[in-house]
Amino acid sequence: MGSCVAWYPFMLMLAITVAFAITNVLLKKLIIDGLNHLVFITYRQSISTIFLAPIALFVERNTRPKLTPRILCHLFVSAIVGASVTQYLFLVGVEYTSAAFACAFLNMVPVVTFLMALPFGLETINIRSNSGIAKVIGIVICLGGALLLTFYKGIPLIKLPPPSEVAASPSAQETTRPRGERWILGSVAMFAGTLLWSSWFLIQSKVSKSYPCHYSSTVIMNFFSAIQSAVLTFCTDRSLSIWIPKKKIDMVHVTYTGFVSSGLCVVGMSWCVKKRGPVFTAAFSPVVQVVAAMIDIPVLHEQLHLGR
1 MGSCVAWYPF MLMLAITVAF AITNVLLKKL IIDGLNHLVF ITYRQSISTI
51 FLAPIALFVE RNTRPKLTPR ILCHLFVSAI VGASVTQYLF LVGVEYTSAA
101 FACAFLNMVP VVTFLMALPF GLETINIRSN SGIAKVIGIV ICLGGALLLT
151 FYKGIPLIKL PPPSEVAASP SAQETTRPRG ERWILGSVAM FAGTLLWSSW
201 FLIQSKVSKS YPCHYSSTVI MNFFSAIQSA VLTFCTDRSL SIWIPKKKID
251 MVHVTYTGFV SSGLCVVGMS WCVKKRGPVF TAAFSPVVQV VAAMIDIPVL
301 HEQLHLGR
């Protein structure tokens with residue numbers, strides 16, 4: 001039984017990566033449908049807060065420690081680097097590239113998280129040991145792969161019909177437009193988002209020790225990020241029409257991303273960070289790319305190339 005328990009973080013992170021891959025494809029679909037980025041983030045974080053709040057109140061009612069200004073400050077910063085700003089940058093990256101490419105760029109997350117964890121003593125490296133050499137090789141491979149995906153566009157791995165032959169929907173045709181022209185801006189946005197997302201794992205490692213109630217901390221973080229996103233939305237566009245989804249199915253997608261991705265997945269990752277550390281949790285980011293590519297091709301008719 002003890003050996004099975006040791007595998008719980010591994011199995012949980014695999015499930016989370018599948019959920020995130022589905023989310024990434026849905027994000028591309030929402031972008032194609034024209035939903036405002038910040039409006040989407042506000043809805044997503046608000047839905048997550050509403051769904052998780054009753055669970056947090058019931059499950060952690062007797063174990064919840066006192067909220068101090070220091071903990072609230074950490075959760076507020078966690079909302080910025082792990083939700084509001086990071087999601088916005090990620091959405092920009094998905095819009096200008098593709099869901100599969102965005103996931104591939106996140107292969108840098110384990111490396112960046114590891115490098116950030118070194119100064120804080122959360123990770124160590126000894127280049128004289130086999131494990132240390134393996135870490136260095138892994139860093140080089142991840143960075144090399146990220147640069148390859150950013151600057152090199154090779155042959156298509158799977159032959160798809162030209163955009164004109166793909167089913168007539170505007171969505172299928174629209175997805176082919178951003179890939180070529182604005183990939184540099186998308187890459188810059190993804191790189192900035194990667195830095196912030198990697199920072200979240202380190203902050204969450206500290207939050208998990210000072211405030212170990214994962215449901216409650218996720219609710220507070222999502223509440224902060226919903227407010228942050230709403231304020232940014234009103235500062236950039238005060239039109240009320242942007243708050244109305246153009247398609248009814250969009251709200252189903254938003255509900256999924258709010259409840260599953262920003263809710264249950266964040267709770268699961270917080271638990272894994274506490275059990276196995278930030279680098280272990282971040283190391284599963286590359287798996288998202290594989291699942292997203294498998295969904296991206298038949299659903300959004302994205303052409304998968306060797307490279308970007």
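Its first residue numbered 1, the sequence shown is counted upward by one per residue in UniProt numbering. Beta carbons: idealized from backbone N, C-alpha and C, even for Gly. This structure is a prediction, so every number in the text was calculated from the model and none was measured.
Inset, instruction - Pick helix, strand or coil for P9, following the three-state DSSP scheme. - result: helix
Legend entry - A283 - DSSP class collapsed to helix/strand/coil: coil
Legend entry - Distance between A15 and P9 (C-alpha atoms, nearest Å): 10 angstroms
Inset, instruction - Please name the residue in A21, S285, S84 whose C-alpha comes closest to that of V291. - result: A21
Inset, instruction - Classify C73 as buried or exposed, calling it buried when 16 or more other Cβ atoms lie within 10 Å of its own Cβ. - result: exposed
Inset, instruction - Tell me, to the nearest whole angstrom, how far the beta carbon of T17 is from that of V287; I am working on the premise that it is less than 8 angstroms. - result: 4 angstroms
Inset, instruction - Report the three-state DSSP secondary structure of R64 (helix, strand or coil). - result: coil
Inset, instruction - Report the residue ranges of all alpha helix (DSSP H) runs contained in full by the segment 189-242; include only those spanning at least 4 residues, in chain order. - result: 214-236
Legend entry - Validate contact between the segment 79-90 and the segment 235-250 using beta carbons, cut 8 angstroms, 3 pairs: no
Legend entry - Cβ-Cβ separation, L196 to V92 (assumed contact under 8 angstroms), whole Å: 13 angstroms between Cβ atoms; not a contact.
Legend entry - Classification of V140 by the beta-carbon crowding that lies within 10 angstroms, buried from 16 upward: exposed
Legend entry - Chain-order list of residues whose beta-carbon lies under 6 angstroms from that of F87 (same chain, five-residue window excluded): Reading the sequence as shown, one finds Gln at residue 87 and not Phe. Correct list, in chain order: I41.
Legend entry - Beta-carbon spacing of L122, S205 below 8 angstroms: yes
Legend entry - First through last residue of the alpha helix (DSSP H) which encompasses I71: 69-79
Inset, instruction - Take L115 as the anchor and find which of K28, I295, P278 has the nearest alpha-carbon. - result: P278
Legend entry - When M190, F224, N222 are compared against T97, the one with the closest alpha-carbon: M190
Inset, instruction - Decide if R44 is buried, meaning its Cβ has at least 16 other Cβ atoms within 10 Å, or exposed. - result: buried
Legend entry - Best match in M11, V112, C213, M221 for proximity to N62 [C-alpha to C-alpha]: C213
Legend entry - E95 in three-state terms, based on DSSP: helix
Inset, instruction - To the nearest angstrom, report how far apart F53 and S217 are at their CA atoms. - result: One detail in the question is off: residue 53 reads as Ala in this sequence, not Phe. The straight-line gap from Cα to Cα measures roughly 10 angstroms.
Inset, instruction - May I have the straight-line CA-CA distance separating S261 from T23, to the nearest angstrom? - result: 7 angstroms
Legend entry - Nonlocal neighbours in the same chain, by C-beta distance under 8 angstroms from R276, ignoring five residues either side: P9
Legend entry - Member of I295, K29, F280 whose CA lies at the smallest distance from the CA of P245: K29
Legend entry - Option nearest D226 by Cα separation, candidates G263, V207, S241: Note on identity: in this sequence residue 226 is Ala, with Asp being the wrong assignment. Out of G263, V207, S241, G263 has the C-alpha closest to the C-alpha of A226.
Inset, instruction - Inspect the beta-carbon positions of P110 and A282 and report whether they are closer than 8 angstroms. - result: yes
Inset, instruction - Figure out for me which residue from N107, A117, T113 has the closest Cα to the Cα of L143. - result: N107
Legend entry - V166 (DSSP reduced to helix, strand or coil): In this predicted model, V166 has a pLDDT of only 41, less than 50, meaning its place in the structure is not dependable; the value taken from the coordinates is given anyway. Looking at V166 - three-state DSSP - the assignment turns out to be coil, as it is neither helix nor strand.
Inset, instruction - Check whether the Cβ atoms of V112 and S198 lie closer than 8 angstroms to each other. - result: yes
Legend entry - Residue range of the unbroken alpha helix (DSSP H) whose run includes C272: 266-276
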